[in-house]
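**Q**
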Amino acid sequence: MSNQYVSEMNYHYQFSCDRRNLKSVRDFVASVLRDENFSENEIPAVVLAVDEICANLIVHSHQSDPNDVIEIWLKVTLETVICEIIDQDSMFYDFSTHKNPDIHQIVREGKNGGVGLMLVKCLVDKVEVERHGTQSIWRLTKESPRPVFNS
Amino acid sequence: MKINSLYKEDLTILVVDGELDASSSILLDESIESVVAQGKKKILIDGQSLNYISSAGLGVFMSHVQEFEEKGIQMILFGLNEKVLRVFQILGLDQLLSITASEDEAIQLLNASL
């Protein structure tokens, strides 16, 4: 697929809140970015960032209830990919209050987890969370200029 | 994801094959716990066929560091591909965990720290 004449392409995916669906989420994101000619060096970062947010929402916001659904919109332009993860009826998490944990302390305490959002902040250029009524939108932006193909 | 357990003398090698995410990480945790319950003190994690890791997978390794130090258990990861190793490096975990390029290097490191 080549979209060099289109200023923005949107791709949609939806899945139920079961951790086993994370693989299909990753496959969706990777497939879109590969089709859109994103660098193979950049794709894993976006895939992992989306996986982390979706895993957090499945486990913490929906307690892995497979009746609940999460939507993903990938908005791809020549310069960026914006991933919006739309979560209905979720608890709002004010990401602006997030502080990176002390990795050494997590290790000392033998904790299993707690570094997902820290990882996301390292992987993408911008993380935003919006609240609209009972809906939360996680927006991840990755700047990634791609080669322009001349016809 | 699949995990195969191999035994070589006093070594236990857990061969991790596939993708380690929030769904599959529990399997790795259970495998490590099982090896520890057997009283094993030398654990190698063969990551040559591990092609993806998320924070849930990292968490499994992180959660055992302190416990293993206290119990005198050595755990070394080897053979991670560049993409997977990069995830460890982003958070500086390559400095907190023992990671080598090959199984031979892992065994050398085990022997050197005896």
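Heads up: the sequence lines are chains A and B, in that order.
Residues in the first sequence are numbered from 1 upward in steps of one, following the UniProt record's numbering.
Residues in the second sequence are numbered from 1 upward in steps of one, following the UniProt record's numbering.
For every residue, glycine included, the Cβ atom is placed at its ideal position computed from N, Cα and C.
(1) Pick out whichever of A:Val115, A:Asp35, A:Gln88, A:Tyr11 has its Cα sitting closest to the Cα of Ala56 (chain B).
(2) My guess is that Ala55 (chain A) and Asp21 (chain B) are in contact by the Cβ rule of under 8 Å, so how many angstroms apart are they, rounded?
(3) Checking 8 Å against the spacing of the C-beta atoms, do Leu27 (chain B) and Met1 (chain B) come in under that value?
(4) Do Phe95 (chain A) and Val127 (chain A) have their beta-carbon atoms positioned less than 8 Å apart in this structure?
(5) Between which two residues does the alpha helix (DSSP H) harbouring Ile137 (chain A) extend?
(6) Is any non-hydrogen atom of the ligand FAD found closer than 7 Å to the C-beta of Leu109 (chain B), if you look at the structure I gave you?
(7) Do you know offhand how far Ala112 (chain B)'s Cα is from Asp17 (chain B)'s?
(8) With H, G and I counted as helix, E and B as strand and the rest as coil, what does DSSP make of Ser113 (chain B)?
(9) Please confirm if Lys71 (chain B) has its CB atom under 8 Å from at least one CB of chain A.
(10) Identify each residue in the segment 120–146 of chain A for which the Cβ-Cβ distance to at least one residue of chain B is less than 7 Å, and report them in chain order.
(11) For Ser7 (chain A), tell me which candidate among A:Ser144, A:Glu79, A:Gly110, A:Ser90 has the shortest Cα-Cα distance.
(12) Run the CB neighbour count on Arg26 (chain A), radius 10 Å, all protein chains shown included, and call it buried at 16 or more, exposed below.
(13) Where DSSP assigns a beta bridge to Arg131 (chain A), which residues make up the other side?
(14) From the DSSP output, read off the bridge partner residues of Cys83 (chain A).
(15) Run through chain A and tell me which residues come within less than 9 Å of Asp21 (chain B), C-beta to C-beta.
(16) In three-state DSSP terms, what is Glu109 (chain A)?
(17) So, is the C-beta of Val16 (chain B) closer than 8 Å to a C-beta in chain A?
(18) Would you identify the three-state DSSP class for Val69 (chain A), choosing helix, strand or coil?
(19) Please return the same chain residues whose Cβ sits closer than 8 Å to the Cβ of Gln14 (chain A), not counting the five positions on each side in sequence.
(20) So Arg108 (chain A) contacts chain B; which residues on that side make the cut at Cβ distance below 8 Å?
(21) Sort out for me which residues DSSP pairs Thr12 (chain B) with in a bridge.
(22) Determine the DSSP secondary structure at Glu67 (chain B), reduced to helix, strand or coil.
(23) To which residues of the same chain is Ser49 (chain B) closer than 6 Å at the C-beta, ignoring the five residues directly before and after it?
(24) Where Asn21 (chain A) and His104 (chain A) are concerned, what is the direct C-alpha to C-alpha distance, given to the nearest angstrom?
(25) Closest to Tyr11 (chain A) by C-alpha separation, out of A:Lys23, A:Asp18, A:Cys17, A:Val29, would be which residue?
**A** In brief:
(1) A:Val115
(2) 7 Å
(3) yes
(4) yes
(5) No alpha helix (DSSP H) holds Ile137 (chain A); the beta strand (DSSP E) holding it covers 135–143.
(6) Looking for the ligand FAD in the displayed structure turns up nothing, as the structure carries no ligands at all.
(7) 28 Å
(8) coil
(9) With 8 Å as the cut-off, Lys71 (chain B) does not count as an interface residue toward chain A.
(10) Cys122
(11) When each option's Cα is compared against that of Ser7 (chain A), the closest is A:Glu79.
(12) Buried: at least 16 other Cβ atoms inside 10 Å.
(13) A:Ser136
(14) A:Leu74, A:Leu140
(15) Arg19, Leu22, Lys23, Arg26, Asp51, Ala55
(16) helix
(17) no
(18) strand
(19) Val69, Ile70, Glu71, Ile72
(20) Those are Gln66, listed as they occur along chain B.
(21) B:Tyr7, B:Ile43
(22) Three-state result, Glu67 (chain B): helix.
(23) If the five residues before and after Ser49 (chain B) are omitted, its C-beta is found closer than 6 Å to the C-beta atoms of Asp17, all from its own chain and listed in chain order.
(24) Rounded to whole angstroms, Asn21 (chain A) to His104 (chain A) spans 31 Å at the Cα level.
(25) Minimum Cα distance to Tyr11 (chain A) is reached at A:Val29.
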